[in-house]
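Quick note: the first sequence, position 401, residue 434 per the numbering used here, numbers continuous. A virtual CB, placed ideally from N, CA and C, is assigned to each residue, including glycine. To start, the structure under review is shown below, and the notes come after it.
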Amino acid sequence: MATFQTLPGFREFYPEDLVRRNHLFRLWRQAANSFGFAEYDAPVLEPLELYTAKSGPEIEGQLFSFTDKGGRQVALRPEMTPTVCRLVGAKASALKRPIKWFSIGEFYRYERMQKGRGRCFHQFNADIFGEPGPEAEIELIALLIQCFGAFGLTEEDFHVRLSDRNLWFYYLGALGLDDARIRGVLGAVDRYEKYGDDAFKAYAEQFGGLEESLKARILGFLKINSLAAIEQAIGELAAPAGGVGAPADKLQARLADWKKLLGALDAMGLARFVTVDFGVVRGLAYYTGFVFEAFDRKGELRALAGGGRYDDLVEKLGGPALPAVGFAIGDMTFGLLLEQRGLTPKFVTGPDVYCVIGGEAERLAAFRDIHALRSAGFRVEYPLKEVAFGKQFKAAAESGAKVALIYGGDELAKGVVKLRDLTQRSEVEVPRDQVAAAVRDLLAGP
RNA sequence: GCGGCCAUAGCUCAGUUGGUUAGAGCACAAGAUUGUGGAUCUUGGGGUCGCGGGUUCGAGCCCCGUUGGCCGCCCCA
34 MATFQTLPGF REFYPEDLVR RNHLFRLWRQ AANSFGFAEY DAPVLEPLEL YTAKSGPEIE
94 GQLFSFTDKG GRQVALRPEM TPTVCRLVGA KASALKRPIK WFSIGEFYRY ERMQKGRGRC
154 FHQFNADIFG EPGPEAEIEL IALLIQCFGA FGLTEEDFHV RLSDRNLWFY YLGALGLDDA
214 RIRGVLGAVD RYEKYGDDAF KAYAEQFGGL EESLKARILG FLKINSLAAI EQAIGELAAP
274 AGGVGAPADK LQARLADWKK LLGALDAMGL ARFVTVDFGV VRGLAYYTGF VFEAFDRKGE
334 LRALAGGGRY DDLVEKLGGP ALPAVGFAIG DMTFGLLLEQ RGLTPKFVTG PDVYCVIGGE
394 AERLAAFRDI HALRSAGFRV EYPLKEVAFG KQFKAAAESG AKVALIYGGD ELAKGVVKLR
454 DLTQRSEVEV PRDQVAAAVR DLLAGP
């Protein structure tokens with residue numbers, strides 16, 4: 034029994050696990066590249082203030098934080114957004130626009146583990162900086178969908194729920210709520226799906242109960258699920274029955290943004306993945322416009338991905354004023370979904386060539402070819418120690434190799450190597466100086 | 001931070017009302033097999049029964065604590 038255990042919530046990746054993880058990363062990276070996003074990376078350890086500045090001091094309870102030997106308060110990164118804001122902010126004036134960046138990294142949160150959540154996890158992050166219009170959302174939501182579709186997930190498997198914190202703010206403001214109350218209501222809206230009416234308890238404790246008529250209007254707004262419903266709500270907002278209407282020009286601009294966003298996604302053939310759903314508001318205070326979250330269609334898993342616009346954050350973290358939109362996909366819930374849908378393919382990790390070697394004399398001859406084949410890019414295996422032929426053939430078959438090269442005394446005496454096609458179970462003798470070419474031909478064949 | 005369930009070999013698990021030296025399958029390794037296939041047969045390595053304490057003549061089994069895991073709550077950037 035091992036004396037030392039893995040720290041709670043941390044994961045180890047044995048080779049077969051890492052193969053699967055790499056598969057995720059490979060397809061995500063491919064999707065981002067095809068959308069023209071540039072990959073970056075950054076430190077795992079950051080100043081604690083980078084996170085407390087954004088989220089308040091309470092956040093420290095959720096962080097792996099400590100004081101380093103230089104007396105600095107530091108924390109393992111719990112997310113990428115503040116880091117990438119710093120990177121972009123520091124060179125904002127020198128970066129070509131639009132700034133489209135992505136990364137894949139490991140993150141750490143000091144939390145209790147649950148299904149789909151651990152203390153360390155990986156995230157794919159994609160962000161666009163410098164673009165205030167919905168063109169940025171179009172790119173990002175399309176990329177998000179592609180990051181899922183690349184695995185064979187369809188609209189039967191997941192959808193992206195899209196909402197708008199701007200309209201929420203306009204609406205709640207028009208209902209006469211101040212900023213603190215608006216945030217309180219949004220907190221309730223965020224939880225409404227899960228708790229129903231109980232979601233308003235926290236609000237009631239802080240501000241007193243909501244009037245029934247007010248609550249009914251909020252719940253009505255929460256049920257907005259189509260462009261037509263948005264249009265209608267905007268019409269009502271511009272000319273409210275009572276109270277203060279939101280600025281008409283802003284509302285019209287917002288409606289135009291919605292039309293542009295949904296129209297573009299439809300033109301890409303992605304409308305079937307997108308659900309308008311004002312029940313999504315995201316808990317975070319810093320989101321400023323469109324927000325979206327991806328869920329499995331069955332609603333069994335926690336969120337697969339989340340994102341939105343955060344136009345004020347770069348400036349708040351000390352950079353220039355720079356509009357931004359971004360999203361992140363976590364690897365844990367996403368992996369669960371792939372597993373549920375049987376979309377984690379069997380990975381062939383076998384070599385191209387397995388060498389069967391007679392004895393120590395033949396081994397030296399084989400080594401020359403093995404190294405040459407490996408240098409030529411083939412994946413070549415051989416038994417490290419002298420083993421009976423029967424065992425070697427068994428090992429060759431089990432390895433998954435398509436080709437066996439047989440270095441026996443008889444062959445080498447004739448200046449040849451036997452090349453066995455392990456699939457066809459056929460053999461040919463090949464002169465030693467033509468081994469690489471013969472292997473290449475066989476592997477390239479049908 | 002809180003609650004429920006759980007912990008026996010690398011994995012999946014059995015283990016009688018508490019009773020001798022803790023078992024099976026799979027996996028791994030060796031042999032059958034010194035030149036041809038994933039099979040089969042034989043054999044083997046591998047366990048502080050998570051850890052610590054208690055009850056008992058005797059604990060894998062009962063009790064307490066602790067660590068870890070799963071699930072949920074809080075939270076979820």
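For L476 and D402, believed in contact at Cβ under 8 Å, the rounded distance
Start at 1 with the first residue of the first sequence, and residue 402 comes out as number 369. Start at 1 with the first residue of the first sequence, and residue 476 comes out as number 443. Wrong, their Cβ atoms sit about 15 Å apart, outside the cutoff.
Determine the closest residue to I178 out of F240, M365 and D299, with distance taken between C-alpha atoms.
For the purposes of this step, residue 178 is taken as the residue at position 145 of the first sequence. Considering only alpha carbons, the answer is D299.
Check the DSSP bridge columns for A159 and list the partner residues they point to.
For the purposes of this step, residue 159 is identified with residue 126 of the first sequence, where counting begins at 1. In DSSP, A159 forms a bridge with F135 and F360.
Mind pulling the alpha helix (DSSP H) runs of 4 or more residues that sit fully within the segment 177 to 203?
Within the segment 177 to 203, no alpha helix (DSSP H) run of at least 4 residues lies entirely inside it.
DSSP on T308, reduced to helix/strand/coil?
Along the first sequence, one-based indexing puts residue 308 at 275. Here DSSP, grouped into helix, strand and coil, assigns T308 to strand.
In the DSSP assignment, what residue or residues form a beta bridge with T100?
As a working mapping, residue 100 is identified with position 67 in the first sequence. Paired residue(s): Q106.
Should the segment 361 to 370 be called in touch with the segment 146 to 156, which here means at least 3 C-beta pairs below 8 Å?
yes
Three-state class that DSSP yields for S459 in the structure shown:
Along the first sequence, one-based indexing puts residue 459 at 426. Of the three classes helix, strand and coil, the one that applies to S459 here is strand, per DSSP.
Residues near V461 by beta carbon distance below 6 Å, same chain, minus five either side
For the purposes of this step, residue 461 is identified with residue 428 of the first sequence, where counting begins at 1. Correct list, in chain order: L452.
By a C-beta neighbour count over all protein chains shown, 10 Å radius and 16 as the cutoff for buried, is H404 buried or exposed?
Your numbering for residue 404 matches position 371 in the first sequence. H404 comes out exposed.
Close beta carbons around M34, own chain, < 6 Å, minus the five adjacent residues each side
Residue mapping note: residue 34 aligns to position 1 of the first sequence, counting from 1. Note that M34 has pLDDT 40, beneath the 50 cutoff, so the model's placement of it is unreliable and no number is given.
Quick one: is V52 buried, meaning 16 or more other Cβ sit within 10 Å of its Cβ, or exposed?
Here residue 52 corresponds to residue number 19 of the first sequence, with the count starting at 1. With fewer than 16 Cβ atoms within 10 Å of its Cβ, V52 is classed as exposed.
Report yes or no: do the segment 110 to 126 and the segment 41 to 49 share at least 3 C-beta pairs separated by less than 8 Å?
no
Can you tell me whether F43 is buried or exposed, with buried defined as 16 or more other CB within 10 angstroms of its CB?
By one-based count along the first sequence, residue 43 stands at place 10. Flag for F43 reads exposed.
What are the start and end residues of each continuous alpha helix (DSSP H) run of 4 or more residues lying completely inside the segment 377 to 448, in chain order?
393 to 408, 422 to 432 and 442 to 446
Output the boundary residues of the beta strand (DSSP E) element that contains A324.
The residue you call residue 324 lines up with position 291 of the first sequence. It is Val, not Ala, that sits at residue 324 in the sequence shown. Counting along the chain, V324 sits inside the beta strand (DSSP E) bounded by residues F323 to D329.
Starting from P48, follow the alpha helix (DSSP H) in both directions and report where the run begins and ends.
By one-based count along the first sequence, residue 48 stands at place 15. Where P48 is concerned, the enclosing alpha helix (DSSP H) stretches over P48 to S67.
Proximity winner among G217, P353, L369 and I267, relative to V314 (alpha-carbon distances)
Here residue 314 corresponds to residue number 281 of the first sequence, with the count starting at 1. Per the Cα distances, G217.
When you compare the segment 336 to 350 with the segment 372 to 382, are there three or more beta-carbon pairs, one atom per stretch, that lie closer than 8 Å?
no
Is the beta carbon of R194 less than 8 Å from the beta carbon of T85?
Counting from one through the first sequence, the residue named residue 194 turns up at place 161. Counting from one through the first sequence, the residue named residue 85 turns up at place 52. Between R194 and T85, the CB-CB gap reaches or exceeds 8 Å.
Put P115 into one of helix, strand or coil per three-state DSSP.
By one-based count along the first sequence, residue 115 stands at place 82. Here P115 sits in helix by DSSP.
If you compare alpha carbons, which of R105, I439 and E333 is closest to G392?
For the purposes of this step, residue 392 is taken as the residue at position 359 of the first sequence. Answer by Cα proximity: I439.
Count the other CB atoms within 10 Å of the CB of A75; is the residue buried (16 or more) or exposed (fewer)?
For the purposes of this step, residue 75 is taken as the residue at position 42 of the first sequence. A75 should be labelled exposed.
Smallest Cα separation from I132: which of R142, N258, G103 and P165?
In the first sequence, the residue the question calls residue 132 occupies position 99. Checking every option, the nearest Cα to that of I132 belongs to P165.
Unbroken alpha helix (DSSP H) run spanning E348, endpoints:
Residue numbering aside, residue 348 sits at position 315 when the first sequence is read from its first letter. E348 -> alpha helix (DSSP H) spans L346 to K349.
My output table needs one value for R473: the three-state DSSP class, helix, strand or coil.
The count along the first sequence starts at 1 and reaches residue 473 at position 440. Helix at R473.
Terminal residues of the continuous alpha helix (DSSP H) containing R224?
Here residue 224 corresponds to residue number 191 of the first sequence, with the count starting at 1. It spans D212 to Y228 - the alpha helix (DSSP H) in which R224 sits, taken as one unbroken run.
Helix or strand or just coil, what does DSSP make of A272?
What you label residue 272 is simply residue 239 of the first sequence in a count that begins at 1. Looking at A272 - three-state DSSP - the assignment turns out to be coil, as it is neither helix nor strand.
Could you check where the beta strand (DSSP E) with A338 kicks off and where it finishes?
Here residue 338 refers to the residue found at position 305 of the first sequence. Looking at the DSSP string, the run of the beta strand (DSSP E) that includes A338 is A338 to R342.
If I measure Cβ to Cβ from L260 and keep anything under 8 Å in the same chain, skipping five residues before and after, which residues do I get?
Numbered from 1 along the first sequence, position 227 holds the residue referred to as residue 260. Sequence-distant Cβ neighbours of L260 in its own chain, meaning closer than 8 Å and more than five residues away, are W291, K292, L295 and V309.
Does the segment 314 to 323 come close enough to the segment 132 to 142 to have 3 or more Cβ pairs within less than 8 Å?
no
Can you look up Y84 in the DSSP assignment and give me helix, strand or coil?
Taking the first residue of the first sequence as 1, we reach residue 84 at position 51. Looking at Y84 - three-state DSSP - the assignment turns out to be helix.
Just the C-alpha distance for W201 and A354, rounded to the nearest angstrom, thanks.
What you label residue 201 is simply residue 168 of the first sequence in a count that begins at 1. What you label residue 354 is simply residue 321 of the first sequence in a count that begins at 1. So the alpha carbons of these two residues sit roughly 23 Å apart.
Look up D454 in the DSSP assignment and give the residues it is bridged to.
As a first step, residue 454 is located in the first sequence; it is residue number 421 there, counting from the start. The beta-bridge partner set that DSSP reports for D454 consists of V436 and S459.
Under 8 Å by Cβ, that's how I've got F157 and F140 pegged, so tell me the actual separation to the nearest angstrom.
If you number the first sequence from 1, residue 157 lands on position 124. If you number the first sequence from 1, residue 140 lands on position 107. Going by Cβ atoms, the distance from F157 to F140 rounds to 11 Å, so no, they are not a contact pair.
Q457 versus Y387 - alpha carbon distance
For the purposes of this step, residue 457 is identified with residue 424 of the first sequence, where counting begins at 1. For the purposes of this step, residue 387 is identified with residue 354 of the first sequence, where counting begins at 1. Each residue's Cα considered, the two are about 15 Å apart.
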